[in-house]
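Participant: Got a structure here, written out as structure tokens. Questions coming.
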Amino acid sequence: MLLAVYDITEYRVFEQFPPEVVMRRRQLVPKMKEARRLGKRAYLAYDTLYIDGNPVRA
Numbered sequence: 045m046l047l048a049v050y051d052i053t054e055y056r057v058f059e060q061f062p063p064e065v066v067m068r069r070r071q072l073v074p075k076m077k078e079a080r081r082l083g084k085r086a087y088l089a090y091d092t093l094y095i096d097g098n099p100v101r102a
């Protein structure tokens, strides 16, 4: 009996930003969570928060 052996390896991809960008993103996360709680479409792109397509900078 021949058994197939699969190598199960986890790959993780993390975005790496300069420290200044990381600080700006941290400031924007609470605003993003609040906007999502209110049913708005909110996401972060680099150091800019977009709420319903409108950019919001820290």
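In the working numbering, the protein residues as written are 45 to 102. For each residue, glycine too, the CB sits at the ideal point set by N, CA and C. Keep in mind it's a predicted model, so treat the numbers as computed, not measured.
(1) Using the rule of at least 16 other Cβ atoms within 10 Å of the residue's Cβ for burial, across every protein chain shown, is L106 buried or exposed?
(2) Give a yes or no on whether the C-beta atoms belonging to R69 and D91 are separated by under 8 Å.
(3) Given this structure, state the Cα-to-Cα distance separating V73 from L88, to the nearest angstrom.
(4) I need the straight-line Cα distance from P62 to I95, nearest angstrom please.
(5) In angstroms with no decimal places, state the Cα-to-Cα distance between V65 and A102.
Facilitator: Based on what the coordinates show:
(1) Since the first residue shown for the chain is 45 and the last is 102, residue 106 is missing from the structure and cannot be characterised.
(2) Mapped onto the sequence shown, residue 69 falls at position 25. Mapped onto the sequence shown, residue 91 falls at position 47. Judged by their CB atoms, R69 and D91 are nearer to each other than the 8 Å cut-off.
(3) Translated into the one-based positions of the sequence shown, residue 73 becomes position 29. Translated into the one-based positions of the sequence shown, residue 88 becomes position 44. Whole-angstrom Cα-Cα distance: 8 Å.
(4) As a working mapping, residue 62 is identified with position 18 in the sequence shown. As a working mapping, residue 95 is identified with position 51 in the sequence shown. Their backbone Cα atoms lie some 23 Å apart in a straight line.
(5) Position 21 of the sequence shown holds residue 65. Position 58 of the sequence shown holds residue 102. So the alpha carbons of these two residues sit roughly 10 Å apart.
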